[in-house]
Each structure stands twice: as structure tokens, then as C-alpha cells.
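To start, the structure itself, in C-alpha cells.
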Amino acid sequence: MNSESVLQQILSSEGDRLGFIFQAIFIALFLFSIFYGQKFQIWMMLKNVEVGLNRIKRMRDNARQAILDLLRRFNNDPGLESAIDRLLEYFWIPPTSIDPFGIVGKIDHLLNIRERRFRWELKSIAPNVDDSRLRNIENLIEIGISLDQIYRVMRHYYLLGKKTMSLFLIYQAEALMPTVLQEA
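Following this line, the structure appears as C-alpha cells:
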């Protein structure tokens, strides 16, 4: 059988027009999935990651607002928002080494410096706060820092996957999103 006879047989079927319509729809969907299936899959995964990213952003913004509301009780300075944003974007880069000798001392030193600097910044924002309340505020800011870092890392993978249209990057971001949301 050649292609003309098959096409003629399909088009000359007199009684089953509904079957022809379903067959045409099936062929169209099959061709769509061949040419645009992966793009459609990437688009769906990007939307799922974007929804999760928006949830993390809302959590981060709510934490930032809670920190601002708490610190406004102690300081009504107009530069408070920029100081809080600076604290929330605070991070440290731990040393890396193949040789474990001496790495613990380096990390301990960096953590001590980070803690002193963080507490100094916090005391400059809220100078009249007692030590126990200062620790509570410090913990709240640490939560905000963690949420900000999670948001930035996941947003990085989202934007990189969207830019490169890399199925593997997008799939990793989508696969990690439920775990990240549960941890956040």
C-alpha cells in the first residue's frame, strides 16, 4: 500500500466522521508533543518552581516585616529599613581546605568574628535592649537571613534554568522545591 491509497481510504470513509475527527485530533496532539513536548514540559516545571519561589519570597518578606515591626519599638530611625536589609543580606564564606588540620580553628575564628560583628550591628540599631531580648532579636534576624539565602539560591537556579532552558537545571530546582519549602 502506498501513501495515496491510505490517505484516500481515510478520507473516503463515509459513515464514521466522528472517528475521523478524533483521529485528526490525535494526530495533531501527537505532532504537537513531538515538536513542542519538551518546551511544554519545561514551561510547566518553570511555573511550578515559580509558585514555590513566590511562597519563599512571601515568607522572607513576612520575616523582614516582623523584624522591622519589632525593632521599630526600640528605634524609630528613618534608616532602620536599610540597616535591616544590610543585616538580612549578611553572609560569611567559610574556608575550604583538603587538609583538615587547622580548618576547625579557622572556622571557629570566623564564627566568633561574625557573631561579634553581628551583635555590634544589632546593638547599634537597638542600643537600649537587654541581653535576653537582644538574643531573641538575633534569632529572628538569623531566620530572616536563612530565608533570604534560600530565596536567593533557588531564584538563581530558576533564572539560570530559564535563561539556558536547561531541562536538568529546571528539573533539579523543581525536585528540590518541596524539600526547600518544607525546611523553610
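Using the working numbering, the first residue of the sequence shown is number 7, and each one after it goes up by one. Where is the CB? At the ideal position from N, CA and C, for every residue including glycine.
Pick from the options that is closest to residue i, judged by C-alpha positions
i      : options                      : result
ILE90  : ARG70, ILE109, GLY108        : ARG70
LYS112 : LEU166, ILE99, ARG123        : ILE99
GLU95  : LEU52, PHE80, ILE147         : ILE147
VAL159 : ALA179, ASN145, LEU140       : ALA179
ASP83  : SER130, GLN155, LEU153       : SER130
ALA72  : TYR42, ASN145, GLN155        : ASN145
ARG92  : ASP75, MET50, LEU128, ASN81  : LEU128
THR185 : GLY108, ILE62, LEU140, LEU74 : ILE62
Simplified DSSP state of residue i, which is helix, strand or coil
i      : result
VAL135 : coil
GLU95  : coil
GLY111 : helix
PHE124 : helix
ARG172 : Here residue 172 is Ser; the residue named in the question, Arg, does not match the sequence. Residue state, collapsed to three classes: coil.
ASN118 : helix
ALA69  : helix
THR102 : coil
Presumed contact (8 Å Cβ cut-off) between residue i and residue j, rounded CB distance
i      : j      : result
TYR164 : GLU87  : With a Cβ gap of about 26 Å, TYR164 and GLU87 do not count as contacting.
ILE225 : ALA132 : Lying before the first or after the last residue shown, residue 225 is absent from the chain, which here runs from 7 to 190.
ARG66  : LEU166 : Rounded, the Cβ-Cβ distance is 20 Å, inconsistent with contact.
Neighbour flag for residue i against chain B, beta carbons, 8 Å
i     : result
LEU77 : No chain B is present in this structure, which holds just one protein chain.
| query | How do the region 116-127 and the region 164-174 stand: do at least 3 beta-carbon pairs fall below 8 Å, yes or no? | reply | No, the region 116-127 is not in contact with the region 164-174.
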